[in-house]
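K.L.:
Quick note on numbering: my numbering labels position 639 of the sequence shown as 622, and the sequence is numbered without any gaps. In this text, a Cβ means the ideal position worked out from N, Cα and C, and glycines have one as well. Everything numeric in this text was worked out from a predicted model, so none of it was measured. Dropping the structure in here first, questions after.
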Amino acid sequence: MDDRNERSWEEVDRLFDAALDVPEDERSAFLSRECSDPAVRARVDRLLAAEAASRGMLEPSTVQRAFMDVLADDVASGDAEPRTEVPDRTGEQVGSYRLEKLVGHGGMATVYAARRVEGGFEQRAAIKLIRTDANTDELVRRFESERAILSGLRHANIARLLDGGSTADGVPYLAMDFIEGRPITEQVRKFALDIEARLWLFLEVAGAVSYAHANLVVHRDLKPSNILVDDEKHPMLLDFGIAKLLAEDGVEEGITQTRPRWMTPGYAAPEQIQGDAVTTATDVYQLGVLLFELLTEQRPYDVEGRSTYEIERMICEDDPPRPSDVADTGFRSDLVGDLDAIVLKAMRKEPEERYSSVEALAADIRRHLTAEPVEAHRGGRAYRAHKFVRRHRGGVLAASVVLLLLTGWAVTATVQRQQVAAERDRAELESEKATQVTAFLTSLLQAEDPREAQGTDPSLREILERGVERIGEELSDQPDVQAELYLTTGTVYEALGEYSTADSLLERAVELRSDLYSGGPSEELAEALVMLGQLRMEQARFDEAVPLMESALEQRRALDPSGTEAIADYTVEVGDALRLVGRPAEALALYEDAMDAYAGLDSLPLASVAITRNNIALVHHQAGRLAEATPLYERAVQELMEDLGPRHPYT
């Protein structure tokens, strides 16, 4: 079956599905309005008759057989082509453009390569004309919607809307950037890109989709043919023609669009297949499918040649395979673990079980690229501990993971706090507290000596649980040490992925230090606030993280109005929280403030400067200002390589 016949069957399927939602006594009038092709109408009528015959039997095979019977009749009679042809308008002038070549057509529109012939300058464009053989009120409305949507989107990775209007005979058209490029999946195959390069390319796509979501637009049809990689090696998103601008409907919670269903089956989310509400989670799912295909060069579901019922059952009921199970052996080891988990989380059947946003999906990929624990991973405590050790190799001074996580963290934190305390002439007090902390942790480990445990080795979880109990029972008269230990154990729980427990411990530390330092600003309280804020960000609870980060920054500024490196670092933390909560302008202002603060220090912390510069580039990139973002990215990489070396994860 060629493309035109496939489109004819898509129209049959769409009309059949829509007719099922119309009362039986109104279906004939409905189809007369919606279907102008007698052959398509005949096929739909036969399917409706088959559906009526099977009603009450709960057996989809009757309708399925009807599909195959109708197709067999077409093939036997030599009538496997749609009855309607797309008129070729090559050579005609549309607005300021002359149509040069028919390059594609779909259910909604016909696309031509065109060149501007008015205006006094050279410009190529893609002209999209509404299909005259499908000129229903619904398609006209959707076409006009696309024009309104595209005119509001300005992003470096989204094809620009150049012009729009109607032809002399009343056919609506859009003039958009003509993108010379190939589908993103062909790009990665042609240049044999490695996994990391594929992930960075995908992150550009995710940035564009995230930008669209921030402007209340859901794409709904993300697939390789709608994502072309241009000559500059940047992906460009095309065809927002089936998107929905949600603000016009007054929707307050989520970004929602319901029937009719316009989709590509191989990339459609379960809720699209079932005709349920479409939200930003739908784009998250489709990005998961795209990522699967980029990493494996295969699709998660083989829908070719399958009936509508089989496709629906497959996408709505069958779990996709792990990418590592279907990838070429050369890539398999790179996909096992993190990337398997990321793809499968994005493609979960229930929208609420997927990533909460495209930005959350992108953040997990960035965590993978920097060897941090990913949110999607189901590897459990051992996985979290492995990631923690990998990112803190310098602190591995003991033989056991337990000793590393407890004592190692305490020593590192103690040294840092002693340095700050020396600046404020409180080294003696901090040293005493650090000694108490270390003594407590040592006693905790000694109490679990396996020789005294009657032959059983306590698990890390058991040690931590008993430790938390002892902190509450034995140190109630020492709230400063108690708070310190809650921070330490909370951080260990965070590293192990036990976010709920970690959150309660860090929150308790904030409460204790708030009481201890209620008389004025405190470095200790600022530290606890920022640690809790970072944990909330790790859980994608960005709205809750912002006030915590802001309070921490307020504490630091009150302590030293003249500015320190710590104040600059906290300023960046607040900027990160604001950026992730969707307040990029405020984030950008804080990043710039931090850069000014770093520049005023006696010794420039180059890695911190580079990371902040990268964040500034990210804000510009997500806003579509690629010209501003690119040199910032390049300089940030140079600074990181200079400070950390080329083999560091951040470079």
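According to DSSP, simplified to helix, strand and coil, what is A572?
P.N.:
As a position in the sequence shown, residue 572 is number 589, starting the count at 1. Helix at A572.
K.L.:
Can you say whether K206 is buried or exposed, counting buried as having 16 or more other CB atoms within 10 angstroms of its CB?
P.N.:
In the sequence shown, the residue the question calls residue 206 occupies position 223. Classification of K206: buried, given that the 10 Å Cβ count is 16 or more.
K.L.:
Could you pull the start and end residues of the beta strand (DSSP E) that S149 belongs to?
P.N.:
Here residue 149 refers to the residue found at position 166 of the sequence shown. 144 to 149 is the extent of the beta strand (DSSP E) around S149.
K.L.:
Roughly how many angstroms separate the alpha carbons of D(-14) and A551, rounded to a whole number?
P.N.:
As a position in the sequence shown, residue -14 is number 3, starting the count at 1. As a position in the sequence shown, residue 551 is number 568, starting the count at 1. A caution first: D(-14) carries a pLDDT of 48, below 50, which makes its placement in the model too unreliable to give a value.
K.L.:
Given D11, which residues of its chain have a CB within under 8 Å of its CB, disregarding the five upstream and five downstream residues?
P.N.:
As a working mapping, residue 11 is identified with position 28 in the sequence shown. Residue identity differs from the one stated: residue 11 is Ser in this sequence, not Asp. If we look at S11 and ignore the five residues flanking it on each side, it has no Cβ neighbours.
K.L.:
Cβ of V602 within 8 Å of Cβ of A570?
P.N.:
What you label residue 602 is simply residue 619 of the sequence shown in a count that begins at 1. What you label residue 570 is simply residue 587 of the sequence shown in a count that begins at 1. A contact, by the Cβ cut-off of 8 Å.
K.L.:
Using only CA atoms, which one of L479, L495, T73, D311 lies nearest to I454?
P.N.:
By one-based count along the sequence shown, residue 454 stands at place 471. Checking every option, the nearest Cα to that of I454 belongs to L495.
K.L.:
Could you tell me how far apart the beta carbons of K111 and A92 are, in whole angstroms, since I believe they sit closer than 8 Å?
P.N.:
In the sequence shown, counting from the first residue as 1, residue 111 sits at position 128. In the sequence shown, counting from the first residue as 1, residue 92 sits at position 109. About 5 Å separates the two Cβ atoms, so the contact holds.
K.L.:
Considering I141, what are the terminal residues of the alpha helix (DSSP H) in which it resides?
P.N.:
As a first step, residue 141 must be located in the sequence shown, where it is residue number 158. Here I141 belongs to no alpha helix (DSSP H), and DSSP marks it neither H nor E.
K.L.:
Using the C-alpha atoms, what's the distance from Y574 back to G558?
P.N.:
Along the sequence shown, read from residue 1 onward, the residue named residue 558 stands at position 575. Along the sequence shown, read from residue 1 onward, the residue named residue 574 stands at position 591. Near 6 Å, if we compare the C-alpha coordinates of Y574 and G558.
K.L.:
Give a yes or no on whether the C-beta atoms belonging to A151 and Y80 are separated by under 8 Å.
P.N.:
Taking the sequence shown and counting its residues from 1, the one referred to as residue 151 is at position 168. Taking the sequence shown and counting its residues from 1, the one referred to as residue 80 is at position 97. No, the pair does not count as a contact, with Cβ atoms beyond the cut-off.
K.L.:
Report all residues from its chain with a CB closer than 7 Å to the CB of R137; omit the five preceding and five following residues, and keep chain order.
P.N.:
The residue given as residue 137 occupies position 154 in the sequence shown. So the qualifying residues of the chain are G607.
K.L.:
With distances taken Cα to Cα, identify the nearest neighbour of L270 among D285, R350, A251, G258.
P.N.:
As a first step, residue 270 is located in the sequence shown; it is residue number 287 there, counting from the start. It is A251.
K.L.:
Note down the Cα distance separating Q538 from G147, rounded to an integer number of angstroms.
P.N.:
The residue labelled residue 538 in the question sits at position 555 within the sequence shown. The residue labelled residue 147 in the question sits at position 164 within the sequence shown. Rounded to the nearest angstrom, the two C-alpha atoms are 54 Å apart.
K.L.:
By alpha-carbon positions, which one of G516, R26, E527, L82 ends up nearest to A156?
P.N.:
Position 173 of the sequence shown holds residue 156. At residue 156 the sequence reads Tyr, which differs from the Ala that was named. Cα-wise, what sits closest to Y156 is L82.
K.L.:
Can you round the beta-carbon distance between T263 and H196 to whole angstroms, since I take them to be within the 8 Å contact cut?
P.N.:
Your numbering for residue 263 matches position 280 in the sequence shown. Your numbering for residue 196 matches position 213 in the sequence shown. T263 to H196, Cβ: 5 Å. Contact.
K.L.:
Below 8 Å, can you find three or more Cβ-Cβ pairs linking the segment 327 to 342 to the segment 287 to 295?
P.N.:
No contact exists between the segment 327 to 342 and the segment 287 to 295.
K.L.:
Should V154 and I210 be called a contact, given that it needs their Cβ atoms to be closer than 8 Å?
P.N.:
Within the sequence shown, numbered from 1, the residue matching residue 154 stands at position 171. Within the sequence shown, numbered from 1, the residue matching residue 210 stands at position 227. Not closer than 8 Å, so no.
K.L.:
Look at the alpha carbon of D302 and the alpha carbon of E105, and state the distance between them as a whole number of angstroms.
P.N.:
Residue mapping note: residue 302 aligns to position 319 of the sequence shown, counting from 1. Residue mapping note: residue 105 aligns to position 122 of the sequence shown, counting from 1. In a straight line, the C-alpha of D302 is about 50 Å away from that of E105.
K.L.:
Here's a check: name, in chain order, each residue in its chain whose Cβ is nearer than 6 Å to the Cβ of R99, leaving out the five neighbours to either side.
P.N.:
For this step, residue 99 is matched to residue 116 along the sequence shown. Cβ neighbours of R99 beyond the five flanking positions: S79, Y80, Q106.
K.L.:
Can you have a look at P334 and say buried or exposed, based on whether 16 or more other CB atoms are within 10 angstroms of its CB?
P.N.:
The count along the sequence shown starts at 1 and reaches residue 334 at position 351. Under this definition P334 is a buried residue.
K.L.:
For my contact list, L536 and Y553 are in at a C-beta cut-off of 8 Å; report their separation, rounded to the angstrom.
P.N.:
Here residue 536 is taken as the residue at index 553 of the sequence shown, counted from 1. Here residue 553 is taken as the residue at index 570 of the sequence shown, counted from 1. With a Cβ gap of about 5 Å, L536 and Y553 count as contacting.
K.L.:
Could you check if R26 is buried or exposed, using at least 16 other CB atoms within 10 Å of its CB as the buried criterion?
P.N.:
Stepping through the sequence shown from its first residue, residue 26 is reached at position 43. By the neighbour-count rule (16 or more Cβ atoms within 10 Å), R26 is buried.
K.L.:
Relative to the alpha-carbon of K332, which residue among Q255, V357, A310 has its alpha-carbon at the smallest distance?
P.N.:
Sequence index remark: in the sequence shown, residue 332 carries index 349 (1-based). Taking only the C-alpha atoms, the option nearest K332 is Q255.
K.L.:
Does the beta-carbon of P218 have 16 or more other beta-carbons within 10 angstroms, so that it is buried, or is it exposed?
P.N.:
Reading the sequence shown from its first residue, position 235 is the one you call residue 218. Buried: at least 16 other Cβ atoms inside 10 Å.
K.L.:
May I ask which residues mark the beginning and end of the beta strand (DSSP E) holding D160?
P.N.:
The sequence position of residue 160 within the sequence shown is 177, counting from 1. Taken as a continuous stretch (DSSP letters only), the beta strand (DSSP E) holding D160 covers 155 to 160.
K.L.:
Which residue marks the beginning of the alpha helix (DSSP H) containing M330, and which one marks its end?
P.N.:
Stepping through the sequence shown from its first residue, residue 330 is reached at position 347. From DSSP, M330 is part of no alpha helix (DSSP H); its letter is neither H nor E.
K.L.:
In three-state DSSP terms, what is G74?
P.N.:
Counted from its first residue, the sequence shown places residue 74 at position 91. Three-state DSSP puts G74 in coil, outside helix and strand.
K.L.:
At the level of alpha carbons, what is the spacing between F314 and I348?
P.N.:
To locate residue 314, count along the sequence shown from 1; it is residue 331. To locate residue 348, count along the sequence shown from 1; it is residue 365. About 17 Å.
K.L.:
Helix, strand or coil: which one does DSSP assign to V86?
P.N.:
Counting from one through the sequence shown, the residue named residue 86 turns up at place 103. In the structure shown, V86 sits in a strand (DSSP, three-state: E or B).
K.L.:
When every heavy atom of the ligand ADP is checked, does at least one fall within less than 7 Å of the C-beta of K206?
P.N.:
Of the ligands one can find in the structure shown there are none, so the ligand ADP has no counterpart to examine.
K.L.:
If you drop the 5 nearest sequence neighbours on each side, which residues of the same chain put their C-beta closer than 6 Å to that of A509?
P.N.:
As a position in the sequence shown, residue 509 is number 526, starting the count at 1. Within the same chain, A509 has close Cβ partners A535, Q538, R539.
K.L.:
In this structure, how does DSSP classify K111 when only helix, strand and coil are distinguished?
P.N.:
Position 128 of the sequence shown holds residue 111. The answer is strand: DSSP assigns K111 an E or B state.
K.L.:
Determine the burial state of D257: buried for a count of at least 16 other Cβ atoms within 10 Å of its Cβ, exposed for fewer.
P.N.:
In the sequence shown, counting from the first residue as 1, residue 257 sits at position 274. Here the sequence assigns Gln to residue 257, which means Asp is not the residue at that position. Q257 comes out exposed.
K.L.:
Given that a residue counts as buried once 16 or more other Cβ atoms are within 10 Å of its Cβ, and exposed if not, what is S149?
P.N.:
Here residue 149 corresponds to residue number 166 of the sequence shown, with the count starting at 1. By the neighbour-count rule (16 or more Cβ atoms within 10 Å), S149 is not buried but exposed.
K.L.:
With distances taken from CA atoms, which of L470, V529, S459, A612 is nearest L447?
P.N.:
Translated into positions along the sequence shown, residue 447 becomes position 464. For the residues L470, V529, S459, A612, the minimum Cα distance to L447 belongs to L470.
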